[in-house]
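Below is one structure, written out as C-alpha cells; the observations come after it.
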Amino acid sequence: MSQTKQFEQKWQAKWEATHVFEADPDPKRQKVMVTFPFPYMNGPLHVGHTFTASRVDAYARFKRMQGFNVLWPWAWHWTGQPLLGASQRVARGDVEFIRVLHEVDGVPDETIKKFVDPLYMAQYYTDEGRLAVKGIGFSVDWRREFTTVMPTFQKFVEWQYKNLKEKGYVTRGTHPVVWCPKDKSPTGDHDRQSGEGVTPEEYTLIKYRLDDGTILPAATFRPETIYGITNIWINPEATYVEATVNGECWIISQEAAEKLKEQEKKIQVNRAFQGKELIGKTFQNPVTKLKFPILPGWFVDPKTATGVVYSVPAHAPYDYLALRDLQQNPEVLSQFGMDPPVVTQIKPISIIKLEGFGEFPAVEIVEKMGIKDQNDPKADQATKELYKKEFHGGVLKESCGPYAGKSVREVKDLLIKDFKEAGVADSIYDLSKPVVCRCMTPCLVKILSDQWFLNYSDPEWKQKAHEAVAQMTIYPESAKPSFNTVIDWLREWACARTTGFGTPLPWGKGWIIETLSDSTVYMAFYTINKHIKQNSIKPESLTPEAFDYIFYGKGNKTDLCKAVGISVDLLDSMRSEFLYWYPFDLRNSAKELVPNHLSFCIFHHAALFPPEHWPKAISVNGMLMVEGQGMHKSKGNFITMKGAVEKYGADATRCGLLLGAEAMDDPDWRAENISDLQSKFESLIGFATAVIASAKTDEDTMLERWLQSKLQSRIKEVTESLDQLKTRTALQVALFETWNDLRWYIQRKGNTQAKALNEVVKTWLKMLAPFAPFLCEELWSQTGEADFISTAKWPVFDENKLDVAAEEQENLITDIMTDTSNILKATKITPKHICYYSTAPWKWQVYLKILDKTVCGEAKIGDLMKEFAADKDLKPHMKDIAALVPRVIKALTKVPGDRKANIQKIKAVDEHNILAGAAKFLGDRYNTEVSVYSEDDQKRFDPKNRASMAMPYQPAIYIE
RNA sequence: GCAGAGGUCGCCGAGCAUGGUCAAAGGCGUAGGCUUCAGGAGCCUAUCCUUCAGAGGUUCGUGGGUUCAAAUCCCACCCUCUGCACCA
C-alpha cells in the first residue's frame, strides 16, 4: 500500500474515533454552518461533486482552525423520477445501461441485479457515496445525515408545504408540457431520444368562418396581422378533418385533431377529407367582417399547429412568395375550378409601419435577398429577420382599429386577450421541432390540469426574495445581479408530479412534491436531525405544531409535548440547537443551480423564516470539465470521487480540483496535472520531513527575518482569499508561493538547521491543512504535535514580523542576479571571475534626496544640482553627480511605489556587507569566483574601471 | 431567439474595478545542467525577438478611438462557452 493511502486511512480512522468533526452548540464559541446541496443518488459521486464540496471543506476546515464552531452536515437526495427510471432500465435489461453501471460506476454484477429495486439502488449509491466522502477527508458531522425518503424528513417537508400553502404561495392551475402518450408522463430533456431543449409554443388561433359557419382556426404567432389578411392557405394534398371542438364545428388538419385532444378540448372527429376540397371557398374575417378566398399553399405543413394558415403578404415573406408563385402561374388554379383573377387581383395590405422599409416590408426583403420562391431556404431567414424587426420596431397603422399607433411589442398580449374574450381567438400549443421520447414514441403537448404551483410570480414574495439577496453575501460578488435577475424572471413552478419518489403533497392525493421543491430549506433539518436520530423520535411525533415550536417558538410547549410524546427537554434542545446554528453561513454550489435550486432556497427562506434566519452567504463556482469537455457517462470521461482518490490520493485530488479555477470559471480536470501534483506532494513530504528532522540552531539572521516577513504576507493573502472563497488563489499562495520562499531561503542559507525554519514549515502546514488535510496531519504529528492540525490554531498575520530591510536586502540580491545573468546572456561569456562594487556613501546621499523629491513629484535636475552643490560633502563630486542624477531618476521610475516607501524608511543599506555575505551563494550560482569591493576602495581590482557605475541598489559589476 | 460569461506570451491561468510598478504572477510543458546504479522524483537555469555589459524592439481576439501613457477606459466587429423550467 502506498504511503499516501496509509496516511489517508490512518488519519481518517483517528478523526472518526475522536469525533473531531462532530459539532454541538457551544454558546462560548461563534458558529459557522456550511452546506453543500445534497447529491442525487442515481449514481456515484463524481469529481464534479468533489470540486464543489472541496471548496466547502476547505472553508470549513479554515474556519474551524480559526476557532469557530463549524458544522458541516451531509445528506442524500432520493426524490424524483431518475432513480425509478434507472431502476426500470435495469429491469428491462438495457444492455448499454448495465454496461455503464458496471464499467463506469464500478458496480458488481451481483449488485446490479438487485437494482431492479430502486430503493436498493439508492441505498447502494448512498453507502458508496458515504465511503467516498469519508475517503476524501471531508470534515462532516455524520450524526445529522439523512435521505429524502426517510419518514422523519418527509414530516419536515409536509410542515414546509403546509406553511407555504397557508401563506398563499402554493396555487393551482393548468400547464402545458411535452408529453409522451405512451408513458403517460411529461418528457423532460433527460427523457428524450431527440428534441432536446424543445418547449411548447403557444400559437394563437384566429377563428375565421366559412360561409356555412364552420370555423377555420388559422394558427399564428402574429395575431396583430389579422388586419392585413388577404387569404387563407390550405395544403390541397394534406388530410383535414371536420370535427366538433367544444361544441363548435372546426376544420383542422388530421394531426391537429390528435393534438387538441390533449389540450383540454372536447373533440369529436366527424369526417376526414383532402385539403383541395376547401380551395376556392370564401370566408369572413371575424374582426373586420371582410371576405377573402382560400388558396392552395403547398408549403403549409399539416403537422404544424392546425395546418390552417392565413396570409399576410405585406408582412410575411412566405405569404408573399406563395402568392407571387400563384400569380405567376395562375393556370394551376384551374384544377380547383378557380379563375385566375381571384388571385391576380390580390394586393398586399400594409398594416405595420417599419422604419427603413416602405409599404410592404415582406416584398422588399424578398426582393433584396433575391428569394426565388416559397421553397427557397432563404425564405425562412427572411421570415425570422422581418418578424424580429417588426416585433421590436413596428407600429400598427390606422387600419388596425383600437390598436392603431401602438407598437407591435406592446399590443400583442393585449390583442390576444381581447380576441379571446371576444370569442374570435383560441390557442393551440405545439412543438417547434419534433420531440421523441426515450421509448421512441413521438411526443406532443399536453395541458396538465389541476397542477400545483409554487407561485414565484407573486410580487410580494419576489420582493422578499430580493431583500434576502440584498442582505446576504454572494461569492463571487459578480454573481449577485444574476440572482436578482432570476428572481424577477421565475414564474409559477409546478411543484408536484404524479410519479417518482418523494413526499406526498399533504393535501393533494396522488401528488408527490417534486425534487427541486422539497429541497429548499432542509438545511434547517440538519440542526435537529441529530436529536431525532439519537432519541429515535417517531415520525408521527413530528407534527406541524412540533416544527412550529422548534423553528418559530410558537405554541404551548407543555401541551405540545403531551400531544406529540416528546419530552420538554428534548423539544427545547431541538429549539435551541436550531437557534444556535441557524441561519447557515454558507451554501456553495455549481453555477448551474443559480436559476433553480439556489434561487428556490432564497425564495423559501424568505417565505418561511424571519429575516434573521435568512441565508448569510451563497457561493457559486464553475462546472467541472474533464480534459476540456463536459463530463458525461456516455462520453466515457466520467470520473468518480472514489476512483480519483484511489488513483491519485485524496490530497492531490482535492488540490488538483481547487487549483483548476475559482469564481465562476469552469475548472478543467486534467489527469496529467493531478498526477503531477501527486508527485509534488511526495516531494513535499520528503522536503518537510527533512526540515523537521534537521532543526537545531537558534539562528536569527537577516535571512530568517526575511523568511518570517515573507511568510506574513503569505498568511495575509491566504487568509483573505479563503474568507472570500477564493480557494484557487489561496491554495496557490499557500502551496507554491510559500514553497518558493522556503526554497529561496534554503538556497541562500545553505542549510536547513535553523529552528526558525522549522517554525515556518509548521505554519506552512497549517495553511495547507484545509486543502491537503491528510499529509498535513501526518507531517504535523512528525513535528511532535500531539493534537490534530485540523484543530490547530490558524496562523495570524503579524505586522511586527514584517521586515522591510530584510526584504530589500533580498531584492538587492535578486536584482543583481538579474543584471548579472543579463550580462552573461548578452556577452555569451563563461565567467571566470565576477566582481561587484558596492556604492560609495555620497551616492546614497544623492540617491535618497532624489528619491524624496521623486515621491513628492518635484524632481527637477536643475534644482537638485543647486542643492547638491551647496553641500560641502558633495561639492568635490559634482562632476560625477551631474552624470549620476539622470541615471538615478531613470532608475527610480522603474521602482514600484511601495518599494520606494520602504527604501525611504530604511535609508542606506550596507551593500558591501550584504554582497560579501552573499558572495559564496553567488559564486555557487555562477560557478565561479566572486569578489566584492567598495567603489571607493583604492586597492580594488577593477581593470575596466567599472566601479564608478555603481549606484544604490545597483552595484557595479565586472565580469571576466 | 432571450439572458449571462469570456477571448492574455506552447497549454492552464492571474491581471484588467483604482490606466503608468506589465514582456505581463503562478502552475504545466519544453530545453540544458546537477543529483541518482537505472527509471522516476528532486534541485538549479532558461523558455516572444534582438543584443559581446546590466539595453532595445514587437506582443495581451480584430479594427478604430481617448490619453503624455492602454492587456487595462470608449466604440464597432469576429469568435467561444453556459442557462432557458416541471427536470436532477
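Numbering-wise, the numbering used here puts 1848 at position 435 of the first sequence, and it's gapless, one number per residue.
C-beta atoms are modelled at their ideal positions from N, C-alpha and C, and glycine is treated no differently.
Is it true that the CB of Trp-2119 sits closer than 8 Å to the CB of Glu-2040? no
Look at the Cβ atom of Ser-2203, then the Cβ atom of Glu-2190, and state whether they are nearer than 8 Å. Closer than 8 Å, so yes.
On the three-state DSSP scale, how would you describe Val-1583? strand
So what does DSSP say about Cys-1856, is it helix, strand or coil? coil
Between the Cα of Ile-1645 and the Cα atoms of Gly-1608, Tyr-1733, Pro-2356, Gln-1864, which residue gives the shortest distance? Tyr-1733
If you run the structure through DSSP and keep just helix, strand and coil, what is Arg-2118? helix
Can you give me the C-alpha to C-alpha distance between Leu-1623 and Pro-1847, rounded to a whole angstrom? Cα-Cα distance, rounded: 31 Å.
Select from Ile-1549, Tyr-1621, Val-1529, Ala-1504 the residue whose C-alpha is nearest the C-alpha of Gln-1425. Ile-1549
Run through DSSP, which three-state label would Glu-2085 get? helix
Range covered by the beta strand (DSSP E) that runs through Glu-1811: Per DSSP, Glu-1811 belongs to no beta strand (DSSP E) and is neither H nor E.
Suppose contacts are defined by Cβ-Cβ distances below 8 Å. Is Leu-1867 in contact with Ser-1932 by that definition? No; because the gap between Cβ atoms is not below 8 Å, this pair is not in contact.
Counting Cβ pairs closer than 8 Å, one from the region 2009-2029 and one from the region 1458-1469, do we hit at least three? no
Do three or more CB pairs link the region 1573-1587 to the region 1817-1824 at distances below 8 Å? no
Range covered by the alpha helix (DSSP H) that runs through Gln-1419: Per DSSP, Gln-1419 belongs to the alpha helix (DSSP H) from 1416-1431.
Whole-angstrom distance between Lys-2029 and Tyr-1888, CA atom to CA atom: 11 Å
Using a 10 Å radius around the Cβ and a threshold of 16 neighbouring Cβ atoms, would you call Lys-2242 buried or exposed? Note on identity: in this sequence residue 2242 is Ile, with Lys being the wrong assignment. Result: exposed.
Quick one, are the C-beta atoms of Phe-1705 and Thr-1695 less than 8 Å apart? yes
To the nearest angstrom, report how far apart Arg-2000 and Glu-2075 are at their CA atoms. Looking at the two C-alpha atoms, the distance is approximately 15 Å.
Closest residue to Ile-2159 among Thr-2196, Arg-2141, Ser-2126, Ala-2103 (Cα-Cα distance): Ala-2103
Within its chain, find whatever has a CB closer than 8 Å to the CB of Val-1981; leave out the 5 residues flanking it on each side and keep chain order. Lys-1970, Thr-1971, Cys-1974
Can you find at least 3 beta carbon pairs, one from the region 2105-2112 and one from the region 2167-2176, that sit closer than 8 Å? yes
Taking just the CA atoms, how far does Trp-2255 sit from Lys-2318? 18 Å
Report the start-end ranges of each beta strand (DSSP E) in the region 1942-2004 that is 3 residues or longer and not cut off at the edges. 1999-2003
N-terminal and C-terminal residue of the beta strand (DSSP E) that Met-1446 is part of: 1444-1448
Indicate whether the contact test is met: 3 or more Cβ pairs, each with one atom in the region 1706-1721 and one in the region 1631-1647, closer than 8 Å. yes
Between which two residues does the alpha helix (DSSP H) containing Arg-1474 stretch? 1460-1478
According to the neighbour-count rule (16 or more other Cβ atoms, all chains shown, within 10 Å of its Cβ), is Gln-2091 buried or exposed? buried
8 Å Cβ shell around His-2018 - same chain, five flanking residues per side excluded: Ala-1881, Thr-1933, Val-1934, Pro-1996, His-2026, Trp-2027, Pro-2028
DSSP bridge partner residues for Leu-2225 (one or two, in chain order): In DSSP, Leu-2225 forms no bridge with anything.
Looking at the structure shown, is Ala-1436 part of a helix, part of a strand, or coil, going by DSSP? Three-state DSSP puts Ala-1436 in coil, outside helix and strand.
For a test of the three-state rule: what should DSSP assign to Ala-2304, helix, strand or coil? helix
Closer than 8 Å by C-beta to Glu-1768: which residues in its own chain qualify, once you throw out the five before and the five after it? Chain order, please. Gly-1806.
Sorted by chain position, which residues of the same chain lie with C-beta nearer than 8 Å to Gly-1968's C-beta, five sequence neighbours on each side aside? Glu-1958, Asp-1961, Tyr-1962
How close, in whole Å, do the beta carbons of Phe-1464 and Leu-2037 come, if the pair is a contact with beta carbons under 8 Å? 5 Å
Would you mind stating whether Asp-1554 and Pro-1486 have Cβ atoms separated by less than 8 Å? yes
Distance between beta carbons of Leu-1496 and Phe-2016, contact taken as under 8 Å: Rounded, the Cβ-Cβ distance is 25 Å, inconsistent with contact.
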